[in-house]
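Accompanying notes for the structure given below.
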Amino acid sequence: GADETISVSGSAIALDLSGNALTDIASLTLTGGNDTLTANANDLANSNIAAIEAGAGTDELIVTEDVTVTSTLTGFETLSLNS
Numbered sequence: 007g008a009d010e011t012i013s014v015s016g017s018a019i020a021l022d023l024s025g026n027a028l029t030d031i032a033s034l035t036l037t038g039g040n041d042t043l044t045a046n047a048n049d050l051a052n053s054n055i056a057a058i059e060a061g062a063g064t065d066e067l068i069v070t071e072d073v074t075v076t077s078t079l080t081g082f083e084t085l086s087l088n089s
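Just so you know, we're using this note's numbering here: the sequence shown kicks off at 7 and counts up by one.
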């Protein structure tokens, strides 16, 4: 079910979801700050992650293709769309 939570601790984490089939995740949290999350359109749109939350510091979300983001995003200071 969609009740699992992934929490990534540590600062300056670069998490790349491209090519990874994460499904039915309720929450993905980057707790350490100054983190970068990269995802391509297909994987982010199909992940059904309800909420993606970044921690302290300056955090960046990079989407590598055109995408409709259905996740609730909080805590990101920079959004890069590279299509």
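Where is the CB? At the ideal position from N, CA and C, for every residue including glycine.
Buried or exposed by the 16-neighbour rule on C-beta atoms within 10 Å, applied to residue i
i   : result
G25 : exposed
L50 : buried
D41 : buried
D65 : buried
G61 : buried
Residue i versus residue j - alpha carbon distance
i   : j   : result
T29 : N52 : 7 Å
G12 : N88 : Per the sequence shown, residue 12 should be read as Ile rather than Gly. Distance between the alpha carbons of I12 and N88 is about 25 Å.
N84 : A32 : It is worth fixing the name first, because residue 84 is Thr in this sequence and not Asn. T84 and A32: Cα-Cα distance of roughly 23 Å.
A76 : N54 : The sequence given here places Thr at residue 76; Ala does not occur at that position. So the two alpha carbons sit approximately 7 Å from each other.
Integer Cβ distance of residue i from residue j, believed to fall under 8 Å
i   : j   : result
T78 : A45 : No, T78 and A45 are not in contact; Cβ-Cβ is about 15 Å, not under 8 Å.
* Asked: What are the start and end residues of each continuous beta strand (DSSP E) run of 3 or more residues lying completely inside the region 9–77, in chain order?
  -> Scanning the region 9–77 from its first residue to its last, the whole beta strand (DSSP E) runs of 3-plus residues come out as 10–14, 20–22, 31–36, 42–45, 57–60 and 66–69.
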